[in-house]
Each structure stands twice: as C-alpha cells, then as structure tokens.
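With my numbering applied, the sequence shown covers 18 to 176.
For each residue, glycine too, the CB sits at the ideal point set by N, CA and C.
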Amino acid sequence: MELTTLLFYPVYLLIGFVLTLIFIPQKDYKEYLLYGIIVGALGDVIMVGLFQNLFHIMWFKNMGIFDVLRQNALSPLSWTVTVMLFLRFLPGRRTFCYIYILTFSCASVAYGIVVRNANLYDFQAWFYPIPAYLIFVMWWSFAAWIFNKTSSLIPRVRP
C-alpha cells in the first residue's frame, strides 16, 4: 500500500481537528461537536450504508487497519470535523448561505475524487459529478437547516 493511501485519512483528520481547535471557541466546541457527530459521522454511516451496502454505487478499498464493517473507521471522524468547520463558518445571510452550500458541495465532490485518486474509495462512473453533487447539496442544506433551526450559536438566517 502506498504511503499516500495509508496516511490520507489520518492526515486529513489531524488537520481538520487542529483547524477546529483554532477556529471554534472552547465554550462552543461541545455544541459544534454534537452537530458534527449527528450530521457528519452518523450521516456518513447512513450514506455509506445506503450507497455502499444497499445500492453498491460506491465502496471503500485499501482500508488496512481502519477497516470496520467494510467502512473506513476514519471516514465518520473526518466527516465530524468537516461538518464542525462547515457550521462554524456558515453565513448568516440567506443569499450567502445558498452560495456557501453550493460551493461546499463542489468541494465535497472534488474531495471524493481526491479520495478516489488516493485509492481509498471508488464509485460507479455515472455517480460523479452530478448525482453526487446533488446529494451533497441536500446533505449540506440539511446541515445548515438543522443548525439554523436548533442552535443557539448563530443569529437566525436573514434575507
């Protein structure tokens, strides 16, 4: 196994974790972590369950010691820190929020391709970029919606 393949998720997770420590205030960290676990980690486990185990559209590979029930154990943790950072920088104005979600969805598709190039993940050729992009738009929209409806950390979205 190549070094890139072996270290990709641990390095991503470490960088993401350090960024959460830098950008998320300590007093707010627990709430962001809760959203990260629910929307990120749990969302990842559900999506992998659907798209890998049920529909066979995508699949992990070359997981090595991180293989847990045919899923990369570091993937939900990586989604946790990613969602935490996404929510931390979520714009308050509705127009900017839409642009932010669409842009983050593009970045998520690009990240999926990078993970594929690292030989850790693969998918049916038709799944990327359009269907995956639409799924990411729905995922990030849900994350923003649930955060705006339930969190006390940001002012409500304004027009």
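- The alpha helix (DSSP H) runs lying completely inside the region 79-117 and spanning 4 residues or more are 91-105, given in chain order.
- Using a 10 angstroms sphere on the CB of residue 88, the tally of other CB atoms reaches 16 or more, which defines it as buried.
- Per DSSP, reduced to three states, the secondary structure at residue 150 is helical.
- Contact annotation: residue 61 and residue 27 have beta-carbon atoms that are not nearer than 7 Å.
- In this structure, the straight-line span from the alpha carbon of residue 141 to that of residue 78 is close to 14 Å.
- If you draw a straight line from the Cα of residue 122 to the Cα of residue 116, it comes to about 10 Å.
- Scanning the region 122-168 from its first residue to its last, the whole beta strand (DSSP E) runs of 3-plus residues come out as 138-140.
- For the pair residue 107 and residue 58, the CB atoms are not nearer than the 7 Å cut-off.
- For residue 77, no alpha helix (DSSP H) segment is defined; the enclosing uninterrupted segment is the beta strand (DSSP E) at 75-77.
- With fewer than 16 other Cβ atoms from the protein chains shown falling within 10 Å of its own Cβ, residue 143 counts as exposed.
- Taking C-beta atoms under 8 Å as the contact rule, residue 41 and residue 101 qualify, at a distance of about 6 Å.
- It is roughly 5 Å from the alpha-carbon of residue 90 to the alpha-carbon of residue 83.
- Burial state of residue 131 is exposed, judged by a 10 Å Cβ sphere holding fewer than 16 other Cβ atoms.
- If you draw a 10 Å sphere on the C-beta of residue 105, you find 16 or more other C-beta atoms in it, and that means buried.
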